[in-house]
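Per the numbering used here, the sequence shown starts with residue 370, numbered consecutively.
Backbone N, C-alpha and C define an ideal beta-carbon position, used for all residues, glycine too.
Reviewing the structure listed below.
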Amino acid sequence: MNPEERRGILTLLIIITAIAAWRIVGCSTDEQDALPVDSAIVRSLEADEPSGKGGSGNFAPTPFDPNTADSLTMLRAGLKPWQIDNVRKYVAKGGRWRNAAHFRQLYGLTDEQYQQILPYLRFETESTPQHFPNSSPDIKQPDSTLRHFPKQEKYAPGTVIDINAADTTALKKIPGIGSYYAKRICEYRERMGGFVSTNQLREIEGLPADLEKWIKVESSPTLVKIKINTASFKQIIRHPYLNYEQTKSIVRYRDKYGPLRNFQQLSLDSNFQEKDFQRLAPYIDFSTR
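Right, here's the structure in full:
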């Protein structure tokens with residue numbers, strides 16, 4: 370074998386060795402990056418858990434904003450990996466968790482979990498003050514920098530409106546109600562299927578305490594009911610009075626025993642209490658068509 374052939378073989382061996390080394394390192398990195406998010410964060414959490422063998426002791430949950438928190442922080446607070454995925458997907462699509470009541474609507478969040486994480490939930494306000502970097506805070510800004518809105522007309526004392534018929538324009542005329550709360554009332558009413566009592570407005574966090582004096586519910590309100598025997602899982606769980614576990618029980622009962630005829634068929638289910646049946650009664654249609 371002449372020197373030129375030896376150099377050719379040596380060069381080929383070097384190239385093969387370099388490619389093999391690159392594949393080993395590259396595959397290792399890819400595998401690490403490809404770990405499911407739940408596996409990665411659970412492993413990180415276990416590393417932080419105090420075990421008496423040098424653990425960091427940082428297992429305790431900390432306050433967090435679900436709009437910005439990382440997966441590990443939310444896992445420590447008590448959320449499951451698939452729930453964390455739902456939180457982050459909602460934000461990635463442009464959604465924003467506004468407050469605790471809004472976060473309670475997270476798909477699959479149980480009452481026990483919600484109560485566990487409630488003390489740690491934090492939400493940054495969406496409204497931020499304007500900043501004028503070239504001016505002193507003691508100097509009043511020119512009118513051209515300010516936004517002027519027409520004064521909102523409000524109802525005179527003694528005015529009472531039907532909460533099931535009012536749109537956002539009518540609701541904003543109630544003292545203490547602006548665009549944000551008017552929209553929340555309409556959204557909650559739509560999810561509920563209509564109000565049967567003014568007391569139900571207390572279920573919406575942050576509304577004025579004296580709101581009930583401005584509203585009424587007609588004696589026989591028209592409600593949108595859930596066809597409990599034909600509705601999908603997604604349609605059922607959307608109602609504010611049904612959580613994930615209760616919805617699962619309803620669908621499981623239907624699949625196993627057939628249509629539901631009344632609430633008594635669920636009375637032995639540990640996910641329901643008598644008070645649940647009482648407040649659900651106006652909203653459930655047991656027909657099979």
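Ignore the nearest five residues each way along the sequence and tell me which others in T591's own chain have a CB closer than 8 Å to its CB.
Locating residue 591 in the sequence shown gives position 222, counting from the first residue. Around T591, the same chain offers N533, G563 as residues with beta carbons nearer than 8 Å, after the five sequence neighbours per side are excluded.
Taking the Cβ atom as the reference point for each residue, do I595 and D654 lie within a distance shorter than 9 Å?
The count along the sequence shown starts at 1 and reaches residue 595 at position 226. The count along the sequence shown starts at 1 and reaches residue 654 at position 285. Contact: yes.
E643, enclosing alpha helix (DSSP H) - first and last residue:
As a first step, residue 643 must be located in the sequence shown, where it is residue number 274. Note, E643: alpha helix (DSSP H), 643-649.
Have a look at E581, L475, L629 and flag the residue whose alpha-carbon is nearest the alpha-carbon of N612.
On the sequence shown, position 243 is the one that residue 612 refers to. The option with the nearest alpha carbon to N612 is L475.
Please confirm whether R465 and N436 have their CB atoms less than 9 Å apart.
On the sequence shown, residue 465 is found 96 positions in, with the first residue counted as 1. On the sequence shown, residue 436 is found 67 positions in, with the first residue counted as 1. A distance below 9 Å separates the beta carbons of R465 and N436.
Tell whether a beta-carbon distance below 9 Å holds between N598 and E614.
Here residue 598 is taken as the residue at index 229 of the sequence shown, counted from 1. Here residue 614 is taken as the residue at index 245 of the sequence shown, counted from 1. Against a cut-off of 9 Å, the Cβ pair of E614 and N598 comes out as no contact.
May I ask which residues mark the beginning and end of the alpha helix (DSSP H) holding D480?
Along the sequence shown, one-based indexing puts residue 480 at 111. Note, D480: alpha helix (DSSP H), 480-486.
The alpha helix (DSSP H) with K458 in it runs from where to where?
Here the question's residue 458 lines up with position 89 in the sequence shown. Unbroken alpha helix (DSSP H) run through K458: 450-461.
Buried or exposed by the 16-neighbour rule on C-beta atoms within 10 Å, applied to S589:
On the sequence shown, residue 589 is found 220 positions in, with the first residue counted as 1. Under this definition S589 is an exposed residue.
Rounded to whole angstroms, how far is the Cβ of K446 from the Cβ of I486, which I believe are closer than 8 Å?
Taking the first residue of the sequence shown as position 1, residue 446 is located at position 77. Taking the first residue of the sequence shown as position 1, residue 486 is located at position 117. Here the sequence assigns Ala to residue 446, which means Lys is not the residue at that position. The pair is a contact, with the Cβ atoms about 5 Å apart (cut-off 8 Å).
Count the other C-beta atoms from every protein chain shown that fall within 10 angstroms of the C-beta of W583, then say buried if there are 16 or more, exposed otherwise.
Taking the first residue of the sequence shown as 1, we reach residue 583 at position 214. That one is buried.
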